[in-house]
Each structure stands twice: as structure tokens, then as C-alpha cells.
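Peer 1:
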Ligand SMILES: [Zn+2]
């Protein structure tokens, strides 16, 4: 900008050479002064895992004015207002949970209801800085959801919009085809394109493809992915996977449930049409929930190289105190199942951001929003429970030490960012 000013004002005869030299001097000295920009928080000595930028080593992270200022070895602490010793911890982009139900309210059920939960109660203490609500609202009640939850939460709350006009209101209203309007759904998605990332089809017990086709139509008009939550007991899985597009997301991937066909056949082998769907670009989310993740499916799938693209928790009031605790618990399960940490972080951050077409999130690039999780790996004897109540033992558990949302500390388990009380 400054060099542009020099170019603009330098007209022969209008500016003398000494004035021009002075301007250049000011320009270069301002670059020099730029190095001295104040750092709000400096995370020192942590092991940074930032898969998008292929960083997997010890680095410092400087944060200023809510964004990432720099990620580099040995950043000077002389201009830092707060220094956090992150030695022994993993410093990663804030985690993204792509499948939650957070349209909490006082009604029965999920939409504006008591079965949903308030995101800040659960997320920040687990290193999660972004959640995506999985179609708890539809186009009719999205404004209520926005005002009541999205605008008031510290957690970034994004949303899939249910093709059912009022979202998850339960049977029969949620399955009323007459209230599945692709035009209105896509209009509201476009109106709130900074928050709404896709369409969802969830519960439908009929044999018609109309709800599915309308959800796809809304996704096509708004140019966003479709999340298939797939409580669709009559519609065959093969045709569902055939109809959905590259980039669409299938959740509850690793379970046996009465309302859908399992991805594995009776011999425990990934069905060929499931492999084909992945090849064409369909994304597969965990969607653990209270009933939708079973080690007996997830472990054989992993042994065949079929891994989840994201670790959606299907967080709601009844899932969070069962086998599933939060998304970090699901990541710990995969750590103990043998997935390497760098790969887990990749799927929980950048890969999920790509699924959501939100490439502004899930990384620590210079200038990106400073959403950060500082994680530790606890070692000991742990037990992990699936949605059938069955246990897998393990020796490592991920824990969130510190969570930073838009440059502010929002969770600090052991006070690593705090001053000693007697040295204040
Ligand atoms: Zn769900």
C-alpha cells in the first residue's frame, strides 16, 4: 500500500528526489517496525501438528488480534504479553466436530429442545472450537437457532439445514413431505452462507425417494454438500450411495443398526459399492452418538484401510454421557485402535474443514483465525466404550490442556496460561 502511494504521487516535477527518498525510508523502516508487532499469546516449545501446512515438529506459535501471526522455531518473546510454556504438549488447530445437535431450548425433543445441548458446555474443554449442527433446525426455525444459540456461543457453530422445514421435530412432522421445500431451504442457506454449510436428510420411514431428492435438489441449488444421517430404513444403501454426489457426507458409518444396512457385509468385508462410493468422493463420518459406533465394525473396517474422514460425535443430551463423551474421546479410541496421531489430527481438523468446504478453518497458516487446541496424551490404563456398551482397553488418552478461540483462552485445565497466585 505504501509503495502504491509512492508510485501514485511520483509524477515528474511534482515530487523532489529527497522527498521520494524520505518516503522510501519511511516505507522500509515501517517494514522493520512490523517485526516488533505485539504478540498477545506466544505458545512456546510445543509440538505443532498442522497437517495442512505439513508441520509436525517443535515450533512456537504467535497470536495477535485473534489471528495466527507466525509459526516458527524460537520466536522472540520480547514483544509477547503472555507466554505459555507448551513443552510436552501438542499444539494443533482447533478441533472441528461436524455432527452435533446444539439447538437447545425448552421444548421436548431436539429442535429448540431439551434433547439438544449448549455447545460451550461440552466443546471447549475438549479442544473443539467449531461444531456443526446436523440439521436440528430447518429453514423455518433457523433464525431462532441463530439468535438463541449460534450468536451467543463462544464455540463457532455452523449448521447443516434439515430438508424438513422445522428440523428435528420428531414423527410425524419431521417426515411430512409437504414441508420439504428445496427452494426455501436453499434460499436460507444462501442468506446465511457464512454459517450454513450444507443440507441434511435424516429421518424418513417411507419408501419414496422424494425427501432424498428434495434434499439433493436444495444442495444442488445452494452448491453445498448433503449430510446423510440415514435413519432411512426402507431406502437401500446401495442406491443412496449411488444417488449422492462427490463431496456429500454419510454419517453413522461404523455401526450395525436396524434402520440401515451396515457398510460391512456378513463376512465383515467392506461392501464393494461402499468402496466405489468412497472412490467417487463420498465422505464417511463417524457420527458415534449413543447407538451408532461399534468396535466390531470400526476395527475390521480400519484393518481393511477404511478410515473415517471425520470424527463427528453426534453430540446430544443422551449420547454425551454414554460410551461417547465428546469428539476427543472418539479420537482417543482411534489412537488406541492404532491410528497415528498426525493422521488423527489431520482428520479432526483440515480434512473436516475440506468436507465442509470451509478451507478458512482447520489450520494454523499465517493470518488464519487463531483457533487452537493444546493437547496432552495421558498414559495409563484406560477403557473405551462403544455404543453397545462394549469396552476396548487402551494405554493412552487425549486431553485438552488449553483451548484458544479467536485468540482468547477459553479453557485452561491446569492453568498453563495463568500467573502464579503469589507472584501476581
Ligand atoms: Zn445426529
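Numbering (this note's numbering), first residue to last: 809 to 1232.
Using N, Cα and C, we set each Cβ at its ideal position, and we do this for glycine too.
Along the beta strand (DSSP E) that carries residue 970, what are the first and last residues, could you check?
Peer 2: Along the chain shown, one-based indexing puts residue 970 at 162. Element bounds for residue 970: 964-970.
Peer 1: Return the chain-ordered list of same chain residues with a C-beta closer than 6 Å to the C-beta of residue 1141, the five sequence neighbours on each side being excluded.
Peer 2: Your numbering for residue 1141 matches position 333 in the chain shown. Excluding sequence neighbours, residue 1141 sits near 1192.
Peer 1: Give the straight-line distance between the Cα atoms of residue 1049 and residue 1227, rounded to the nearest whole angstrom.
Peer 2: Here residue 1049 refers to the residue found at position 241 when the chain shown is read from its first residue. Here residue 1227 refers to the residue found at position 419 when the chain shown is read from its first residue. Taking the straight line from one Cα to the other gives about 54 Å.
Peer 1: At the level of alpha carbons, what is the spacing between residue 1099 and residue 889?
Peer 2: The sequence position of residue 1099 within the chain shown is 291, counting from 1. The sequence position of residue 889 within the chain shown is 81, counting from 1. Residue 1099 and residue 889: Cα-Cα distance of roughly 46 Å.
Peer 1: What is the rounded straight-line gap between the Cα of residue 1078 and the Cα of residue 1071?
Peer 2: Looking up residue 1078 in the chain shown gives position 270. Looking up residue 1071 in the chain shown gives position 263. Going by the C-alpha atoms only, they are around 6 Å apart.
Peer 1: Are the beta-carbon atoms of residue 938 and residue 969 separated by less than 8 Å?
Peer 2: As a first step, residue 938 must be located in the chain shown, where it is residue number 130. As a first step, residue 969 must be located in the chain shown, where it is residue number 161. No; because the gap between Cβ atoms is not below 8 Å, this pair is not in contact.
Peer 1: Jot down the residue ranges of each uninterrupted alpha helix (DSSP H) in the stretch 1005-1092, minimum 4 residues, whole runs only, in chain order.
Peer 2: Whole alpha helix (DSSP H) segments, 4+ residues: 1018-1030, 1045-1051 and 1080-1088.
Peer 1: Does ligand 1 have a heavy atom nearer than 7 Å to the CB of residue 907?
Peer 2: Residue 907 sits at position 99 when you count from the first residue of the chain shown. Under cutoff, so the answer is yes.
Peer 1: Around the C-beta of residue 1229, are 16 or more other C-beta atoms found within 10 angstroms, so that it is buried, or is it exposed?
Peer 2: As a position in the chain shown, residue 1229 is number 421, starting the count at 1. Counting Cβ neighbours within 10 Å, residue 1229 comes out exposed, since fewer than 16 surround it.
Peer 1: Output the distance between the C-alpha atoms of residue 834 and residue 846, rounded to the nearest integer angstrom.
Peer 2: Position 26 of the chain shown, counted from the first residue, corresponds to residue 834. Position 38 of the chain shown, counted from the first residue, corresponds to residue 846. The predicted position of residue 834 is uncertain, since its pLDDT is 44 and thus under 50; no value can be drawn from it.
Peer 1: Given a cut-off of 8 Å on the beta-carbon distance, is the pair residue 1212 and residue 871 in contact?
Peer 2: On the chain shown, residue 1212 is found 404 positions in, with the first residue counted as 1. On the chain shown, residue 871 is found 63 positions in, with the first residue counted as 1. For residue 1212 and residue 871, yes; Cβs fall inside 8 Å.
Peer 1: Does DSSP classify residue 1154 as helix, strand or coil?
Peer 2: Position 346 of the chain shown, counting from 1, holds the residue named residue 1154. Reduced to three states, the DSSP call for residue 1154 is helix.
Peer 1: With burial defined as no fewer than 16 other Cβ atoms inside 10 Å of the residue's Cβ, what is the status of residue 1042: buried or exposed?
Peer 2: Sequence index remark: in the chain shown, residue 1042 carries index 234 (1-based). Exposed: under 16 other Cβ atoms inside 10 Å.
Peer 1: For the alpha helix (DSSP H) containing residue 993, list its first residue and its last residue.
Peer 2: Indexing the chain shown from 1 puts residue 993 at position 185. Taken as a continuous stretch (DSSP letters only), the alpha helix (DSSP H) holding residue 993 covers 990-999.
Peer 1: Under 6 Å Cβ to Cβ from residue 1194, same chain only, skipping five residues before and after it: list those, please.
Peer 2: Stepping through the chain shown from its first residue, residue 1194 is reached at position 386. Taken in chain order, the residues that qualify are 1101, 1102, 1103 and 1131.
Peer 1: Rounding to the nearest angstrom, what Cα-Cα distance links residue 942 and residue 984 in this structure?
Peer 2: For the purposes of this step, residue 942 is taken as the residue at position 134 of the chain shown. For the purposes of this step, residue 984 is taken as the residue at position 176 of the chain shown. Taking the straight line from one Cα to the other gives about 19 Å.
Peer 1: Which of the three DSSP states, helix, strand or coil, is assigned to residue 1196?
Peer 2: Within the chain shown, the letter at position 388 stands for residue 1196. Residue 1196: coil per DSSP, three-state reduction.
Peer 1: Measure how close the beta-carbons of residue 961 and residue 927 come, nearest whole angstrom, since I'm counting them as under 8 Å.
Peer 2: The count along the chain shown starts at 1 and reaches residue 961 at position 153. The count along the chain shown starts at 1 and reaches residue 927 at position 119. Yes, they are in contact, since the Cβ atoms of residue 961 and residue 927 sit about 5 Å apart, within 8 Å.
Peer 1: Any residue with its C-beta under 5 Å from a non-hydrogen atom of ligand 1 counts. Can you list them all in chain order?
Peer 2: My final list is 942 and 1122.
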